[in-house]
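Residue numbers (this note's numbering): 2 to 221. Here's the structure we're looking at; comments come further down.
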Ligand SMILES: Nc1ncnc2c1ncn2[C@@H]1O[C@H](COP(=O)(O)OP(=O)(O)OP(=O)(O)O)[C@@H](O)[C@H]1O
Ligand SMILES: [Mg+2]
């Protein structure tokens, strides 16, 4: 379902250029749970962002369900992302002045749902993640693990087929790390494809397959 062909990404900044990805090709089947590991600076985040339609590669193609996402226009790609992909980040990226419920409503609103449907779906998701009694809390009023669960609920809002997670447990203690990976596992068992970048070997192990990046290349 995700097919990456000959992907390279070169960043240019202040007269310097960095080859972050160097001719990466890989396929991920529907329903897989993949972890991506590798040293700091090896290109893991860049690969995830390219995979998710968030940064344009310098060379190469990303196909999701047969659609070549960088052959789309920017608006078409944004709409494709909204319908098909959910993102989870190390720092959660919740909006501080919105409640948990409102944070989860954002992608639902972007997808054109009316207010009633947004509230219903967001409430349902937060309840599923054990946050039914925290709907009106702001991020700072939640524990770190709870904030990550709000972020996961938000990623699930539009029923994505794929979850892309960049160090989702990077800021969590061992218990909440374990809890978060368990949630990702459960989601995967419902048929969602999960791709997760992690530094934590114990977390990586809980995926079905591990891809290792070294200097922007896949290592065996
Ligand atoms: N926007 C950018 N502009 C210039 N160089 C960048 C940019 N983003 C990343 N890089 C460089 O590209 C390389 C790969 O970065 P990337 O963030 O993908 O690594 P990573 O494997 O996710 O690292 P980490 O484990 O530290 O998060 C690094 O050398 C980094 O300095
Ligand atoms: Mg990174």
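Ideal Cβ placement from N, Cα and C applies to all residues, glycine included.
8 Å contact criterion, which residue i and residue j should meet: CB distance rounded
i, j, result
"residue 199", "residue 69", "Not really, about 28 Å apart at Cβ, beyond 8 Å."
"residue 152", "residue 95", "6 Å"
"residue 26", "residue 5", "6 Å"
"residue 52", "residue 165", "6 Å"
"residue 159", "residue 112", "5 Å"
"residue 154", "residue 215", "With a Cβ gap of about 34 Å, residue 154 and residue 215 do not count as contacting."
"residue 81", "residue 156", "Contact flag wrong, Cβ pair sits at about 16 Å."
"residue 14", "residue 59", "So it is not a contact: roughly 14 Å between Cβ atoms."
"residue 181", "residue 170", "5 Å"
Residue i - DSSP class collapsed to helix/strand/coil
i, result
"residue 178", "helix"
"residue 221", "coil"
"residue 225", "Not covered by the structure: residue 225. The range shown for the chain is 2 to 221."
"residue 73", "coil"
"residue 129", "helix"
"residue 193", "coil"
"residue 45", "helix"
"residue 186", "helix"
"residue 208", "coil"
"residue 5", "strand"
"residue 50", "helix"
"residue 21", "strand"
"residue 61", "strand"
"residue 68", "strand"
"residue 56", "coil"
"residue 173", "coil"
"residue 214", "strand"
"residue 27", "strand"
Sub-7 Å separation of residue i and residue j beta-carbons
i, j, result
"residue 47", "residue 167", "no"
"residue 34", "residue 195", "yes"
"residue 139", "residue 100", "yes"
"residue 38", "residue 213", "yes"
"residue 7", "residue 61", "yes"
"residue 102", "residue 122", "no"
"residue 146", "residue 177", "yes"
"residue 127", "residue 136", "yes"
"residue 22", "residue 54", "no"
"residue 211", "residue 220", "no"
Proximity test, residue i beta-carbon vs ligand 1 heavy atom, cut-off 6 Å
i, result
"residue 45", "yes"
"residue 12", "yes"
"residue 215", "no"
"residue 42", "yes"
"residue 152", "no"
"residue 196", "no"
"residue 21", "yes"
Below-7 Å beta-carbon distance, residue i vs any chain C residue
i, result
"residue 207", "Looking for chain C here will not work: only one protein chain is present."
Curious, which full-length beta strand (DSSP E) runs of at least 3 residues does the segment 79-140 contain? 86-90
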